[in-house]
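Note that my numbering numbers the sequence shown so that position 77 is 1461, with each residue one more than the last.
Below is one structure, written out as structure tokens, with a few remarks after it.
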Amino acid sequence: MPATFMDAPYPHVQHIHGGKQGTCPDPSADKDGDKVISTTEGDPFYGPIQTTLSTSGDTSPAAGLDLKVGGQGAAYTVDRTFELNAETMASLKAGTAVVVVHGLDPATLSAAGQAAKSDLAPTLPLAATSPALCGTLKAGQMKMPAGGADTGVTAETGTDTGALAIGGGLALIALAGGAYVVRRRSAGSAA
């Protein structure tokens, strides 16, 4: 991930997108030929923002372009618990939820890509809002222990919760009632 943007830590806004194919775009998504898949070009694959994975404050789609609440720099950790909205929960259950981390390194783009403006915020360069990382979410079930220490009594009091994981060092762990824990580890962290 790029470390700096305009002499400051590079902001990497990240979201759960959903409601479409539930996949990450392949190179054929680049419709304008600039060798960059913009957020708009990726939309048919992963859909609109449903939850903003912010470092603090608002997690709604409205916070989607708030660069102040995105991860900052080349490596960062976000460790936060919050309630998911109904649209995101529906996408998770339907298997169409995708996590997208935005913010490409402009130096790696084609000349056309470096010159282009963002399709979401024309005051920013295309690299600032284009997807840098993408991963599909897959739900799995695990049994969470509950109650006191094992005393040999065989009473079943556990609570079912789901675990969601994607590539790229990002994990979402479902808690009872639709709350999710989000953790992104840097490349040097243990899994």
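Every residue, glycine too, gets a C-beta built ideally from N, C-alpha and C.
Cα atoms of V1462 and A1496: separation of roughly 33 angstroms, rounded to the nearest angstrom. If you look at D1463, you'll find it in the beta strand (DSSP E) that goes 1463-1467. Counting C-beta pairs closer than 8 angstroms gives fewer than three between the segment 1432-1440 and the segment 1487-1501, which falls short of the contact rule. Bounds of the alpha helix (DSSP H) holding T1472 are 1470-1478. The beta-bridge partner set that DSSP reports for C1518 consists of V1484. Secondary structure at G1431: coil, using DSSP grouped into helix, strand and coil.
The alpha-carbon separation between D1442 and D1427 amounts to approximately 22 angstroms. For Q1398, the enclosing beta strand (DSSP E) starts and ends at 1398-1401.
Judged by DSSP in its simplified three-state form, P1393 adopts strand. When DSSP states are grouped into helix, strand and coil, K1419 belongs to the coil group. In the structure shown, G1457 adopts coil according to DSSP, grouped into three states.
Closest in C-alpha terms to S1440, from the list A1512, V1485, T1465, comes T1465. In this chain, the alpha helix (DSSP H) harbouring L1510 covers 1510-1513. Per the C-alpha coordinates, the member of K1415, G1457, E1425, H1401 positioned closest to D1391 is G1457. For the pair T1480 and I1400, the CB atoms are not nearer than the 7 angstroms cut-off. The beta-carbon distance between L1510 and K1501, rounded to whole angstroms, is 6 angstroms. This is short enough to meet the 8 angstroms contact definition. For the 7 angstroms CB-CB criterion, L1437 and Q1398 form a contact.
For L1476, the closest C-alpha among the options A1387, P1386, K1404, T1388 is that of K1404. Secondary structure note for A1499: its alpha helix (DSSP H) is the uninterrupted segment 1495-1499.
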